[in-house]
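Engineer: Sending over a structure as structure tokens; questions will come in a sec.
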Amino acid sequence: MSKAINDAEFSKEVEQNQGVVFVDFWAPWCGPCVMMAPLYDKMSKKYPSIKFCKVDTTQSSEKAMQYAVTGIPCIIIFKNGKEVERIIGLQPEPKFEQTINKYA
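For the sequence shown, my numbering gives the first residue as 20, with consecutive numbering after it.
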């Protein structure tokens, strides 16, 4: 299951993590974000070796600004605390899973 985190938790959960972390920057008013949420949660259960986090940009905007998130949904993939890839916009399941498989 994906984990909701805020700006204060971000460093510990993502930047200090020595593995792969997918971070979904989203907002409750964003239609594509809401549509992407069930797929994101499904993949978090299917790939337990990868950490899946969610950051609500309406409540935690500091990290969104730090990582120059200008459009949502924006999923940033971190490996060993460093950004390695980002996905912007609603993704079809096969394409999203193909990206996940690069890091699984």
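Glycine included, C-beta positions come from ideal geometry on N, C-alpha and C.
With DSSP as the reference, label A87 as helix, strand or coil.
Structural biologist: coil
Engineer: Looking at I24 and F41, is the spacing between their C-beta atoms short of 9 Å?
Structural biologist: no
Engineer: Would you mind listing the beta strand (DSSP E) stretches within the segment 20-47 that are 3+ residues and don't spill past its ends, in chain order?
Structural biologist: 39-45
Engineer: So what does DSSP say about I119, is it helix, strand or coil?
Structural biologist: helix
Engineer: If I measure Cβ to Cβ from D60 and keep anything under 6 Å in the same chain, skipping five residues before and after, which residues do I get?
Structural biologist: S21
Engineer: Are the segment 41-52 and the segment 87-105 touching by the rule of at least three beta carbon pairs closer than 8 Å?
Structural biologist: yes
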